[in-house]
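Student: The following block contains the structure, expressed as structure tokens.
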Amino acid sequence: MVELQFFGLLRMLLKRERIELQPVEKETVAQLLARAQQQLPYPFLPRLLDDAGGMHAGAIILVNRQNVHHLDGLHTPVRDADVVAIFPPGAGG
Amino acid sequence: MPTSWRSSLRGPGGDDLTEERYARQVLHWGEENQQRIAAAAVLVAGVGGLGATVSQLLTRAGIGRLYLVDDGIVDWPDLNRQLLYDEGDLGRGKLRLAGERLRAINSTTEITLIDGRIDEHFVMPAGLNAVADCLDNYPGRFLLDELTPEGIYLVHGGLEGDHGQVMTLQSGRSQPMAAIFAGICQPEGHIPVTPDNVVIIAGLMVNELFAAIYGQPKLLNRCLVVSLADFHMAFLDV
């Protein structure tokens with residue numbers, strides 16, 4: 042299974058901390074998120090991605106602790122037992 | 209090594225005021241940890257919302273040495289959450305005020321004021337046990353992490369609205385903060401920050417700073433994500 046974790050405002054909006062999805066061969070982060078969206082009651086993707094499918098600059102996505110920015114972005118492959126976390130950190134101090 | 213936490217202050221009758229000052233907390237964490245705190249040096253980057261409370265709690269607890277870094281002045285929007293300042297301070301530099309207030313709280317803490325900001329010219333003091341990231345912008349945070357000496361713990365705090373996070377990194381051994389938060393941009397405009405959230409995140413940071421001083425940080429390579437909207441906390445491994 043692939044575990045998708047939600048933090049901060051996303052967790053609040055979705056009313057859940059995590060979901061598990063069956064792994065799909067050659068699936069990317071973007072495809073995983075789109076598949077997750079179909080199972081969730083709140084349309085969270087517009088808060089994460091812009092109209093062109095790029096990531097908004099207010100959240101990070103980690104795959105097994107690594108920011109996808111340093112992997113292959115939204116094209117990063119996701120495999121069985123991977124943990125994908127979405128986190129919008131607070132910027133103020 | 210600084211002197212024992214017991215020996216600093218004497219009352220008119222020769223009684224040990226320092227021992228009385230810390231009596232309630234020593235009941236909880238013991239003399240050995242009190243001694244560790246008294247021997248420790250922490251750099252607090254930024255004495256705004258988080259930093260004003262972090263530095264105050266460390267000082268009240270009897271931290272040995274405190275280095276404060278800031279170059280800001282007190283403005284009206286600061287007064288809702290920056291607990292070291294009041295209306296009479298408007299227009300004055302935060303750093304000097306923080307030094308005055310903290311020395312009045314605990315004269316046994318050695319406080320060094322560094323007037324400036326975290327930039328490429330900043331020179332990190334030697335002998336630190338931990339660094340507290342109380343900044344309000346990502347470029348400064350990333351640089352602070354980069355400048356933190358190898359092996360030293362950096363305790364990061366950040367907040368926005370109802371949410372906040374605390375995370376500990378160990379320089380040279382953890383992922384760089386710039387790698388963890390890669391792609392994040394500073395939000396445009398003012399960030400929503402409330403007094404309750406600031407004090408809660410600052411309190412968690414200080415709890416973690418004590419743990420780091422004891423050599424056992426609880427949030428090493430973990431981000432504690434706090435939501436005040438429903439009193440929820442979760443760990444994010446980084």
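Sequences listed follow chains A and B, in order.
Every position in the first sequence, counted from 1, becomes a number in the working numbering once 41 is added.
Every position in the second sequence, counted from 1, becomes a number in the working numbering once 208 is added.
Each residue gets a CB set at the ideal place from its N, CA and C atoms; glycine is no exception.
1) Under 9 Å Cβ-Cβ, which residues of chain A neighbour B/G366?
2) I want to know whether the region 340-353 of chain B touches the region 295-308 of chain B - three or more CB-CB distances under 8 Å.
3) Name the chain B residues that come within less than 8 Å of A/G99, Cβ to Cβ?
4) Does the beta carbon of B/Y346 sit closer than 8 Å to a beta carbon anywhere in chain A?
5) Answer with yes or no whether the minimum CB distance from B/F350 to chain A is below 8 Å.
6) Quick one: is B/I245 buried, meaning 16 or more other Cβ sit within 10 Å of its Cβ, or exposed?
7) Sorted by chain position, which residues of the same chain lie with C-beta nearer than 7 Å to A/N105's C-beta, five sequence neighbours on each side aside?
8) When you compare each of B/P395, B/V446, B/Y275 and B/L310 to B/L291 by their alpha carbons, which one comes out closest?
9) Flag A/G49 as yes if its beta-carbon sits less than 8 Å from any beta-carbon of chain B, otherwise no.
10) Please list, in chain order, all residues of the same chain as B/E416 whose beta carbon is under 7 Å from its beta carbon, the five residues on each side excluded.
11) If you measure from the beta carbon of A/A126 to each beta carbon in chain B, is any gap under 8 Å?
12) At the 8 Å Cβ level, is A/L106 part of the contact set with chain B, yes or no?
13) Is it true that the CB of B/V250 sits closer than 8 Å to the CB of B/N314?
14) Using a C-beta to C-beta distance shorter than 7 Å, which residues of chain B count as neighbours of A/E58?
15) Between which two residues does the alpha helix (DSSP H) holding B/R244 run?
16) Residues in the same chain with beta-carbon distance under 7 Å from A/Y83, minus the five sequence neighbours each way, listed in chain order, please.
17) Quick one: does A/H111 have its CB under 8 Å from some CB of chain B?
18) Could you check the C-alpha separation between A/Q78 and A/L62 for me, to the nearest Å?
19) Using beta carbons (cut-off 8 Å, strictly below), is A/M96 in contact with chain B?
20) Since B/A437 meets chain A, which of its residues come closer than 7 Å, beta carbon to beta carbon?
21) Contact check, A/G49 vs B/L343 under 8 Å by CB: the rounded distance?
22) Would you please verify whether the beta carbon of B/Q373 is less than 8 Å from any beta carbon of chain A?
23) Use the C-beta contact count for B/R273: other C-beta atoms within 10 angstroms, 16 or more gives buried, fewer gives exposed.
24) What does A/P118 pair with, by DSSP beta-bridge criteria?
25) Counting C-beta neighbours from all protein chains within 10 Å, is the total for A/M42 16 or more, i.e. buried, or is it exposed?
26) Going by DSSP, what residues sit across from B/L321 in a beta bridge?
27) Using a 10 Å radius around the Cβ and a threshold of 16 neighbouring Cβ atoms, would you call A/Q80 buried or exposed?
28) With DSSP collapsed to three states, give me the class of B/G254.
29) Measuring CB atoms only, is the region 434-443 of chain B touching the region 354-373 of chain B, in the sense that at least three cross pairs come out at less than 8 Å?
Tutor: According to the structure data:
1) Chain A residues near B/G366: P130, G131, A132, G133 and G134.
2) No, because fewer than three Cβ pairs between the region 340-353 of chain B and the region 295-308 of chain B fall closer than 8 Å, the two stretches do not touch.
3) What A/G99 touches in chain B: I392, C393 and P395.
4) The beta carbon of B/Y346 falls within 8 Å of a beta carbon belonging to chain A, placing the residue at that interface.
5) Output row for B/F350: interface = no.
6) Here B/I245 is buried: its Cβ has 16 or more other Cβ atoms, across all protein chains shown, within 10 Å.
7) Excluding positions up to five away in sequence, the list reads D123 and V124.
8) Nearest option by C-alpha distance: B/L310.
9) Taking Cβ atoms only, chain B reaches closer than 8 Å to A/G49, which makes this a yes.
10) Excluding residues within five positions, the ones whose Cβ falls inside 7 Å are V363, V374, T376, P425, K426 and L427.
11) With 8 Å as the cut-off, A/A126 counts as an interface residue toward chain B.
12) The sequence given here places Arg at residue 106 of chain A; Leu does not occur at that position. At least one CB of chain B lies nearer than 8 Å to the CB of A/R106.
13) Not closer than 8 Å, so no.
14) The answer, in chain order, is A442.
15) First-last of the alpha helix (DSSP H) with B/R244: A231 to A246.
16) The beta carbon of A/Y83 lies closer than 7 Å to those of L54 and L55 in the same chain, with the five residues before and after it left out.
17) Flagged as an interface residue toward chain B: A/H111, by a C-beta distance shorter than 8 Å.
18) Approximately 11 Å, taken between the alpha carbons.
19) Contact with chain B is found for A/M96, since one of that chain's Cβ atoms lies less than 8 Å from the residue's Cβ.
20) For B/A437, the C-beta contacts it makes with chain A under 7 Å involve M53, in order along the chain.
21) With 8 Å as the limit, A/G49 and B/L343 do not qualify as a contact, their Cβ atoms being about 19 Å apart.
22) With a threshold of 8 Å between beta carbons, B/Q373 makes contact with chain A.
23) It counts as buried.
24) Per DSSP, A/T69.
25) By the neighbour-count rule (16 or more Cβ atoms within 10 Å), A/M42 is not buried but exposed.
26) Answer by DSSP bridge pairing, in chain order: B/L276.
27) A/Q80 should be labelled exposed.
28) DSSP places B/G254 in coil when its eight states are reduced to three.
29) Output reads yes: the region 354-373 of chain B touches the region 434-443 of chain B.
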